[in-house]
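Residue numbers (the working numbering), protein chains in the order written: chain D, 1 to 234; chain L, 1 to 215.
Each residue gets a CB set at the ideal place from its N, CA and C atoms; glycine is no exception.
Note that this is a predicted model, so its numbers are computed, not measured.
Read through the structure below, which is laid out as structure tokens, and then see the notes.
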């Protein structure tokens, strides 16, 4: 018992440290919580879509632009097909994941181990809702409202909606460390609405030693047939 | 080939593929006459001083029901001035003259100068364009050229590694002397890029500002 008394505070400190990354939420309950959960689902696709984005990547302080990303997403099976190409049309990466990753083409440095899977995981973060259930609904000190999801792999996703109805997704690992942030960037003044109301500009920040930042500018968005066909398929 | 630095092994092949693609797209403007041999192309190529053309680029992928379409304009002035401008779906301008190259990409509604992207490719491209301008296809270190029936020039990579990136490039000469109709770049059986040129103007003076200012 003496040992437990000595160890217990240390254990609690370790647990607290592990969850230290998750921001504290002032709980929201009742009908407001239900409305919030509905709002938290709106950033994500609910039918198949094809997107074309212009991508700017910042890696180790170097900014690389002039890359296009073609993405087909199907939420019914969370499948993703992504093609990364130069403006001139040279395909640098062609990969799909329907539960299993298939790389049809990958030119260096896009053939680096784990790159294609990482890119597909980022795409799933943008377009598909979290896999796990809502475990908390609350408000941040900034006033933004948050739905917190706990995924089967132990990661946590916060979908945050601010007063301007702009959303941010933050993903934390099982130790509560932030490792991905997706933000909607303000559109340029006078910009026309996009098909499906998708954000014209979003950013993704990958934290950590191998961190990077992506800015995606939507060029085209096209809804696809609900059933997978030979064309426009992942 | 000029001195420049790039990555090793596979990255070098990617860079060369990008450079090769850009080079072919730019050099495809070169006007050829009613030549029936590569040697006669060489003798005809000497009269070309400037070229301007509009283009429509179609990216065909097996996964797509219809191609992705880009549009733009291209200007070339011998020996080393090039303006390669995409107007849609995103505005991108590559300017090169006198050994200086700049690239601008549209982001958030304005053109921003890129600090990389193909820079290292430009000395290679310009040297190859100079060779092509003189009709010296046989001097191209990246591709072997043959003149095929129906006014088609077929370019095949010399290097097996490059062939895994670009399988073949076809240039289709117009019946109108001095004009290229289209270029098709085959990457694989499921992917190719087709450029169709129009409104081609040859040997009209092009001022320096076209190659130095983004306008």
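Residues of the stretch 65-92 of chain L with Cβ closer than 8 Å to any Cβ of chain D, in chain order: 65, 68, 70, 86, 89, 90 and 92
Contacts that residue 65 of chain D makes with chain L (C-beta to C-beta distance below 8 Å): Numbered from its first residue, the first chain carries residue 65 of chain D at position 65. Chain L residues near residue 65 of chain D: 105, 107, 112, 114 and 117.
Within chain D, the residues that residue 97 of chain L reaches when beta carbons sit closer than 9 Å: As a working mapping, residue 97 of chain L is identified with position 97 in the second chain. Those within 9 Å of residue 97 of chain L in chain D number zero; the least Cβ separation is about 20 Å.
Distance between beta carbons of residue 203 of chain D and residue 183 of chain D, contact taken as under 8 Å: The residue given as residue 183 of chain D occupies position 183 in the first chain. The residue given as residue 203 of chain D occupies position 203 in the first chain. With a Cβ gap of about 5 Å, residue 183 of chain D and residue 203 of chain D count as contacting.
Residue burial classification, residue 210 of chain D (beta-carbon count within 10 angstroms, cutoff 16): Taking the first residue of the first chain as position 1, residue 210 of chain D is located at position 210. Per the 10 Å Cβ criterion, exposed.
Closer than 8 Å at the beta carbon, the chain D residues around residue 193 of chain L: As a working mapping, residue 193 of chain L is identified with position 193 in the second chain. Chain D residues near residue 193 of chain L: 88, 89 and 90.
Contacts that residue 61 of chain L makes with chain D (C-beta to C-beta distance below 7 Å): In the second chain, residue 61 of chain L corresponds to position 61, counting from 1. Within 7 Å Cβ-Cβ: 83.
Within 8 Å, strictly: CB atoms of residue 154 of chain L and residue 172 of chain L: Within the second chain, residue 154 of chain L is the residue found at index 154, counting from 1. Within the second chain, residue 172 of chain L is the residue found at index 172, counting from 1. The answer is no: Cβ separation not under 8 Å.
Selection from D/128, D/216, D/88 and D/74 that minimises the alpha carbon distance to residue 224 of chain D: Counted from its first residue, the first chain places residue 224 of chain D at position 224. Considering only alpha carbons, the answer is D/74.
Inter-residue CB distance, residue 104 of chain L and residue 214 of chain L (contact presumed, cutoff 8 Å): Along the second chain, one-based indexing puts residue 104 of chain L at 104. Along the second chain, one-based indexing puts residue 214 of chain L at 214. At roughly 5 Å, the Cβ-Cβ gap stays under 8 Å, so residue 104 of chain L and residue 214 of chain L are in contact.
Whether residue 211 of chain L touches residue 82 of chain L by CB criterion (8 Å): Translated into positions along the second chain, residue 211 of chain L becomes position 211. Translated into positions along the second chain, residue 82 of chain L becomes position 82. Going by C-beta atoms, residue 211 of chain L is nearer than 8 Å to residue 82 of chain L.
Closer than 8 Å to chain A by CB, residue 58 of chain D: Here the protein chains are D and L, and chain A is not one of them.
Coarse secondary structure for residue 206 of chain D, derived from DSSP in three states: Here residue 206 of chain D is taken as the residue at index 206 of the first chain, counted from 1. Here residue 206 of chain D sits in strand by DSSP.
Exposed unless 16 or more other CB atoms sit within 10 angstroms - verdict on residue 46 of chain D: For the purposes of this step, residue 46 of chain D is identified with residue 46 of the first chain, where counting begins at 1. It counts as exposed.
DSSP beta-bridge partners of residue 85 of chain D: Residue 85 of chain D sits at position 85 when you count from the first residue of the first chain. Answer by DSSP bridge pairing, in chain order: D/68 and D/91.
Chain D contact for residue 120 of chain L (CB, 8 Å cutoff): The residue labelled residue 120 of chain L in the question sits at position 120 within the second chain. Low confidence applies to residue 120 of chain L: its pLDDT is 47, below 50, so where it sits in the model is not reliable enough to give any reading.
Cβ contact check for the stretch 76-86 of chain D and the stretch 108-121 of chain D: 3 or more pairs under 8 Å: yes
Residue 208 of chain D, buried or exposed, once every other Cβ within 10 Å from all chains shown has been counted against 16: In the first chain, counting from the first residue as 1, residue 208 of chain D sits at position 208. With fewer than 16 Cβ atoms within 10 Å of its Cβ, residue 208 of chain D is classed as exposed.
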